[in-house]
Amino acid sequence: MIINYGSAAYFIPFIVTAAVVVALFFALRRCSARVKTAAVFVLALINILQHVLKQFIYPHYFGNTYPDLINTAYNMCATLIIITPFVLLSKSRALKQFLSYVGTVAGVITMIVPHWYIGQTFFQWDVLRYYLCHGLLVATSLLPSLWGLYKFFWRDFWKLPFIFFGLLILIAFNDLVFYTVGLMGDWSAGNFFSILYDINPCWMMHPNEGFAWLVPVMDFFTPDIFMGDAATGRPYTPILWYAVPLILLFWVLGFVLGALLDRKNFVSDMRALGSFVCDATAQSVCPRGLSLKVKYKKARFSLKRIRRGKKR
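What follows is the structure in structure tokens.
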């Protein structure tokens, strides 16, 4: 079975991942939060073990030289896989929302665009590893949300891009540590900046050649000083070359998803905001101490005179 867009092999990972998520959701939906948390922990542990021990599990790594970096948090998906149990135990509402959004989206996108495996046969170890780790990432990010283990609050949408950039810095630091101790294989021969430029985790150093159509979109939002130029050889400014469009994207999507998933608080806050704006507008039109309401006195005097005239 050859992997091509629209082929039968292309849809297998989606079907298997969806089947696992749906089966677990309905099987454990009436269980306690402790049981649900344990189930997520088991899935996360399987994913972590297959990631950090991949060189000892998958036969295609046997007898081949690979840098130990690939067993660590060397890119965003690997980082999300490793931090999942810690996020589940943390009290950070924003971090849990970030994992739910980005973990699900990242896992699905990698299956939608299997750029490295198009034209290859489905049944090979690296392809199966690729789909297994990203399918488990989707499951461990989505199931806690479906079960109510993660609470959504729309006001946290502004924090999402800064969590993303914080993880990018963590990834770069992870790579720097392995470069310093000489555990990056053939990559250790060059300087760290050139190595990071070649590895290019999360495209932090430059755009991916396979997605060149995104460059004009990034260029529209990004100041020219941060954009690279192939003609002159000017390099892209790390992270800053796509910081502005990513911040806007996180804010827009985070706001929309937060409003939909936290509809009760969103509606309540919007009503409170509307009342505040109305009150502020009224105060600006009518100075303090005066009132916009005009009280009219009833014409009782004329009525009394008419009644007195009838009595006479």
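Going letter by letter, the sequence shown gives residues 102 to 413 in the working numbering. Just so it is clear, CB atoms sit at the ideal spot from N, CA and C, and this is done for glycine as well.
By the neighbour-count criterion, in which a residue is buried when 16 or more other Cβ atoms sit within 10 angstroms of its Cβ, Asn275 is buried. Exposed is the label assigned to Gly334, since fewer than 16 other Cβ atoms lie within 10 Å of its Cβ. The C-beta separation of Asp363 from Phe253 comes to about 5 Å, placing the pair in contact by the 8 Å criterion. Here the alpha carbons of Leu354 and Leu238 stand approximately 20 Å from one another. CA-to-CA, the gap between Leu190 and Thr138 works out to about 9 Å. When DSSP states are grouped into helix, strand and coil, Asp169 belongs to the helix group. Taking the Cα positions, Ala381 is about 59 Å away from Asn292.
At a Cβ-Cβ threshold of 7 Å, Leu229 and Thr205 do not count as neighbours. Taking 7 Å as the cut-off, the Cβ atoms of His216 and Gly311 count as close.
In the displayed model, Arg372 falls within a helix according to three-state DSSP. In this structure, the straight-line span from the alpha carbon of His161 to that of Trp226 is close to 6 Å. Counting along the chain, no alpha helix (DSSP H) covers Gly164, and no H or E run does either. One alpha carbon belongs to Leu150, the other to Thr118, and they sit about 19 Å apart. In this structure, Ile147 sits away from Phe223, with a CB-CB distance that is not shorter than 7 Å. If you draw a straight line from the Cα of Ser376 to the Cα of Ala134, it is about 38 Å long. In the three-state DSSP reduction, Arg130 falls in the coil class, being neither helix nor strand. If you keep only unbroken alpha helix (DSSP H) runs of at least 4 residues inside the region 297 to 379, you get 316 to 322, 344 to 362.
In the DSSP annotation of this structure, the continuous segment of the alpha helix (DSSP H) that includes Pro186 starts and ends at 177 to 190. Between Phe126 and Leu247, the C-beta gap is smaller than 7 Å, which places the two residues in contact. Sixteen is the threshold: when 16 or more other Cβ atoms of the shown chains lie within 10 Å of the Cβ of Val141, as they do, the residue is buried. Rounded to whole angstroms, Pro245 and Thr185 show a C-alpha spacing of 11 Å.
DSSP places His216 outside any alpha helix (DSSP H), giving it a letter other than H or E. Out of Ala240, Val214, Lys260, the CA that lies nearest to the CA of Tyr111 is found in Val214.
Taking the CA atoms as reference points, Trp304 sits about 28 Å from Trp255.
In the three-state reduction of the DSSP assignment, Ile103 falls in the strand class, which pools E and B. The beta carbon of His307 lies closer than 8 Å to those of Tyr298, Asn301, Gly329, Pro336, Tyr337, Trp342 in the same chain, with the five residues before and after it left out.
For Gly164, the number of other beta carbons within 10 angstroms of its own is below 16, and it is reported as exposed.
When the beta-carbon positions are compared, Ala360 and Phe367 come within less than 7 Å of each other.
With a cutoff of 7 Å on beta-carbon distance, Ala195 and Val122 are scored as not near each other. When secondary structure is reduced to three states using DSSP, Val282 falls in the coil class, being assigned neither helix nor strand.
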